[in-house]
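Shown next as structure tokens:
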């Protein structure tokens, strides 16, 4: 049986009005939420203890595709097709690695595994060509291409035991699961996890809870769902807007599901009817999450 959680349980945390809010990450060191606006490039934080929302514009970037926390306290930022490291005190970002070159692509969704390696994908800027790829980046800055033939990389997530890897191609409307060696970071045995190609649904960002449930936001679908460990949807959260983008767990006990959203692609009429589009939301007590892994830099 599927539990439907109504919009009345969905709390607006930050009215950020992001054009394409993405990659929410909870920092357990500072008890702050961090996320990005991809197309109006800025890094943002929110401190729930003070209700303070801080914005750090990323000048000179076309896209800020995603970001990662690091062991050193810096932020690893996906700037167009490059990775840069931003100091904890907010100074200039230093070049770290170039992932791709010569393609009309940009970096998109990324997540760090338990050994501090970044898994990040590229996507076609025109949203229809299979020119993107998935990469694994280690602490030396070496980027290893895992596979190509991707339109829009998304939904990167690791199971609690580190033995399953999930990946989504939003514009193919499909998600896959792989077996993963948690030590050496190799993946194998690719198989289809969910296929929405007939309906045209767009699975986007994802994360796991401690019980092995996979939470996925559906862009243009107005909902977040949980797949139980058997791959069946057992929870649906209805949101008061069209474009949820990504999810994470936060709060002192990691029992708050946090959802970023977007105003992208919404008409003026739709924006007027969705005053909370582009905001960050919280749903309390639906599950318990896992601490965010940090990049080894």
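In full-length UniProt numbering, the protein residues as written are 1 to 297. Don't be surprised by glycine CBs; every beta carbon is placed ideally from N, CA and C. Keep in mind it's a predicted model, so treat the numbers as computed, not measured.
(1) Does any heavy atom of the ligand GTP sit closer than 6 Å to the C-beta of residue 5?
(2) Span of the beta strand (DSSP E) holding residue 45?
(3) Check whether the stretch 13-25 and the stretch 232-242 are in contact - that is, three or more C-beta pairs closer than 8 Å.
(4) If contacts are defined as beta-carbon pairs under 8 Å, then residue 112 and residue 160 qualify, I think. What distance do you get, rounded to the angstrom?
(5) Terminal residues of the continuous beta strand (DSSP E) containing residue 238?
(6) Only counting the same chain, and skipping five residues up and downstream in sequence, which positions put a Cβ closer than 6 Å to that of residue 295?
(7) Restricting to Cα atoms, I'd like to know which of 33, 46, 85 and 72 is closest to residue 58.
(8) Please classify residue 88 as buried or exposed, where buried requires at least 16 neighbouring CB atoms within 10 angstroms.
(9) Short of 7 Å in beta carbon distance, which residues of its chain neighbour residue 143, apart from the five on each side in sequence? Order them along the chain.
(10) Since I believe residue 284 is in contact with residue 260 (beta carbons under 8 Å), could you give me their beta-carbon distance rounded to a whole number of angstroms?
(11) Report yes if the CB atom of residue 282 is closer than 7 Å to the CB atom of residue 11, and no otherwise.
(12) I think residue 212 touches residue 287, with their Cβ atoms under 8 Å apart; what is that distance to the nearest whole Å?
(13) Residue 209 bridges to which residues according to DSSP?
(14) Compare the beta carbon distance of residue 245 and residue 205 with 7 Å and say whether it is the shorter of the two.
(15) With DSSP as the reference, identify every bridge partner of residue 270, one or two as the case may be.
(16) Using DSSP with H/G/I as helix, E/B as strand and the rest coil, what is residue 198?
(17) In this structure, does DSSP put residue 190 in helix, strand or coil?
(18) Would residue 178 and residue 187 be called neighbours here (beta carbons separated by less than 7 Å)?
(19) According to DSSP, is residue 7 helix, strand or coil?
(20) When you compare only the Cα positions, how much space is there between residue 289 and residue 250?
Let me spell this out:
(1) The ligand content of the structure shown is nil, which means the ligand GTP is not present either.
(2) Numbered from 1 along the chain shown, position 45 holds the residue referred to as residue 45. Residue 45 -> beta strand (DSSP E) spans 42-47.
(3) no
(4) Numbered from its first residue, the chain shown carries residue 112 at position 112. Numbered from its first residue, the chain shown carries residue 160 at position 160. So it is not a contact: roughly 15 Å between Cβ atoms.
(5) Walking along the chain shown from the start, residue 238 turns up at place 238. Looking at the DSSP string, the run of the beta strand (DSSP E) that includes residue 238 is 233-238.
(6) Residue numbering aside, residue 295 sits at position 295 when the chain shown is read from its first letter. 68, 70, 76, 112, 116 and 118.
(7) Numbered from 1 along the chain shown, position 58 holds the residue referred to as residue 58. If we check each option's Cα against that of residue 58, 85 comes out closest.
(8) Against the chain shown, residue 88 aligns to sequence position 88. Under this definition residue 88 is an exposed residue.
(9) As a position in the chain shown, residue 143 is number 143, starting the count at 1. Taken in chain order, the residues that qualify are 97, 99, 135 and 137.
(10) Sequence index remark: in the chain shown, residue 260 carries index 260 (1-based). Sequence index remark: in the chain shown, residue 284 carries index 284 (1-based). Contact doesn't hold; Cβ gap of about 17 Å is too wide.
(11) On the chain shown, position 282 is the one that residue 282 refers to. On the chain shown, position 11 is the one that residue 11 refers to. The answer is yes: Cβ separation under 7 Å.
(12) Residue mapping note: residue 212 aligns to position 212 of the chain shown, counting from 1. Residue mapping note: residue 287 aligns to position 287 of the chain shown, counting from 1. Not really, about 10 Å apart at Cβ, beyond 8 Å.
(13) Along the chain shown, read from residue 1 onward, the residue named residue 209 stands at position 209. Bridge partners of residue 209: 289.
(14) Within the chain shown, the letter at position 245 stands for residue 245. Within the chain shown, the letter at position 205 stands for residue 205. The answer is yes: Cβ separation under 7 Å.
(15) The sequence position of residue 270 within the chain shown is 270, counting from 1. Partner(s): none; residue 270 has no beta bridge.
(16) As a first step, residue 198 is located in the chain shown; it is residue number 198 there, counting from the start. Residue 198 falls in the coil class under three-state DSSP.
(17) The count along the chain shown starts at 1 and reaches residue 190 at position 190. If DSSP states are grouped into helix, strand and coil, residue 190 belongs with the strands.
(18) Numbered from 1 along the chain shown, position 178 holds the residue referred to as residue 178. Numbered from 1 along the chain shown, position 187 holds the residue referred to as residue 187. Result yes, Cβ atoms of residue 178 and residue 187 sit closer than 7 Å.
(19) Taking the chain shown and counting its residues from 1, one reaches residue 7 at position 7. Three-state DSSP puts residue 7 in a helix.
(20) Translated into the one-based positions of the chain shown, residue 289 becomes position 289. Translated into the one-based positions of the chain shown, residue 250 becomes position 250. Roughly 7 Å between the two C-alpha positions.
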